[in-house]
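Colleague: The structure follows.
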Amino acid sequence: MSELISEYEIAELMDIGVKGFLGKANLSAEIIAKAIANVSEGAVFIDETMFDKEKAFAEIKRIQLLPRDVKTIQSFTKKELCFLQLLVTLDDYQQIAWAMNLSVKTVHYYAERLCEKSGTKNKTALLLYAIKNRLVKIYKAFIAKDV
0 MSELISEYEI
10 AELMDIGVKG
20 FLGKANLSAE
30 IIAKAIANVS
40 EGAVFIDETM
50 FDKEKAFAEI
60 KRIQLLPRDV
70 KTIQSFTKKE
80 LCFLQLLVTL
90 DDYQQIAWAM
100 NLSVKTVHYY
110 AERLCEKSGT
120 KNKTALLLYA
130 IKNRLVKIYK
140 AFIAKDV
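Throughout the sequence shown, residue numbering follows numbering that gives the first Met the number 0, covering 0 to 146 in sequence.
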């Protein structure tokens, strides 16, 4: 629920999995019920009294059309993708190990393996690769300090 969000930010949020957007100004029981019904059926709900739905969908389409290294990306496991997301949001390997319930040594192995797969030489290059290929979700309001 917000009034201070743009269609571009809605597209970013949709890209990380958010399914409903309500504006505070014209909020009613009817709008809330419609939003809940849409989202529970797997659809996206955007309050058109507050946001330009077509502009938001145009932004998400633009984001999805950005080039990606599909062949390499398909070789990444779910755990490796999870590691990449945590690498973006957490401070160090110790926190990543704790969040994934792994040893720090295993986390280092994930980093090495992903550098090999992506053709990068270090953690910074790996992060840039992950961001460029949209393997991780970055949203300005999404900052994990304590997992």
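The beta-carbon is built from N, C-alpha and C at its ideal position, and this holds for glycine as well.
With distances taken from CA atoms, which of Leu21, Leu12, Glu115 and Gly118 is nearest Ile59?
Modeller: Residue numbering aside, residue 59 sits at position 60 when the sequence shown is read from its first letter. When only C-alpha atoms are compared, the closest one is Leu12.
Colleague: Roughly how many angstroms separate the alpha carbons of Lys116 and Thr88, rounded to a whole number?
Modeller: If you number the sequence shown from 1, residue 116 lands on position 117. If you number the sequence shown from 1, residue 88 lands on position 89. Straight-line Cα distance between these residues: approximately 21 Å.
Colleague: For Gln84, count the other beta carbons within 10 Å of its own beta carbon; 16 or more makes it buried, fewer makes it exposed. Which is it?
Modeller: Against the sequence shown, residue 84 aligns to sequence position 85. Burial call: buried.
Colleague: By alpha-carbon positions, which one of Thr48, Thr119, Leu126 and Gln73 ends up nearest to Asn25?
Modeller: Counted from its first residue, the sequence shown places residue 25 at position 26. For Asn25, the nearest C-alpha among the options comes from Thr48.
Colleague: Between which residues of its own chain and Glu8 is the CB-CB distance below 6 Å, once the five residues before and five after are set aside?
Modeller: Translated into the one-based positions of the sequence shown, residue 8 becomes position 9. Here the set comprises nothing.
Colleague: If you reduce the DSSP assignment to three classes, tell me which class Lys144 lands in.
Modeller: Stepping through the sequence shown from its first residue, residue 144 is reached at position 145. Legend: pLDDT at Lys144 = 45, less than 50; position of this residue unreliable, no value from coordinates given.
Colleague: DSSP three-state call for Ile4: helix, strand or coil?
Modeller: To locate residue 4, count along the sequence shown from 1; it is residue 5. Reduced to three states, the DSSP call for Ile4 is coil.
Colleague: Hey, could you find the ends of the alpha helix (DSSP H) Met99 is sitting in?
Modeller: Here residue 99 corresponds to residue number 100 of the sequence shown, with the count starting at 1. Taken as a continuous stretch (DSSP letters only), the alpha helix (DSSP H) holding Met99 covers Tyr92 to Met99.
Colleague: Can you tell me whether Tyr108 is buried or exposed? The criterion is at least 16 other CB atoms within 10 Å of its CB, across all chains shown.
Modeller: Counting from 1 along the sequence shown, the entry for residue 108 is found at position 109. So Tyr108 counts as exposed.
Colleague: Taking the alpha helix (DSSP H) that Ser39 belongs to, which residues open and close that run?
Modeller: Your numbering for residue 39 matches position 40 in the sequence shown. Run containing Ser39: Ala28 to Ser39, per the alpha helix (DSSP H) assignment.
Colleague: Can the beta-carbon of Leu21 be found closer than 8 Å to that of Ala32?
Modeller: Sequence index remark: in the sequence shown, residue 21 carries index 22 (1-based). Sequence index remark: in the sequence shown, residue 32 carries index 33 (1-based). No, they are not a contact pair.
Colleague: Might you give, ordered along the chain, the residues of its own chain that have their beta carbon closer than 6 Å to the beta carbon of Gly19, omitting 5 neighbours on each side?
Modeller: Within the sequence shown, residue 19 is the residue found at index 20, counting from 1. So the qualifying residues of the chain are Ala34, Val38 and Phe44.
Colleague: How many angstroms separate the CA atom of Ala98 from the CA atom of Thr119?
Modeller: Mapped onto the sequence shown, residue 98 falls at position 99. Mapped onto the sequence shown, residue 119 falls at position 120. Rounded to whole angstroms, Ala98 to Thr119 spans 24 Å at the Cα level.
Colleague: Count the other CB atoms within 10 Å of the CB of Leu127; is the residue buried (16 or more) or exposed (fewer)?
Modeller: Taking the sequence shown and counting its residues from 1, one reaches residue 127 at position 128. Counting Cβ neighbours within 10 Å, Leu127 comes out exposed, since fewer than 16 surround it.
Colleague: Between Ala42 and the rest of its own chain, which residues show a CB-CB distance below 8 Å, the 5 nearest in sequence each way excluded?
Modeller: To locate residue 42, count along the sequence shown from 1; it is residue 43. Counting only Cβ-Cβ distances below 8 Å, and skipping sequence neighbours, we find Lys18.
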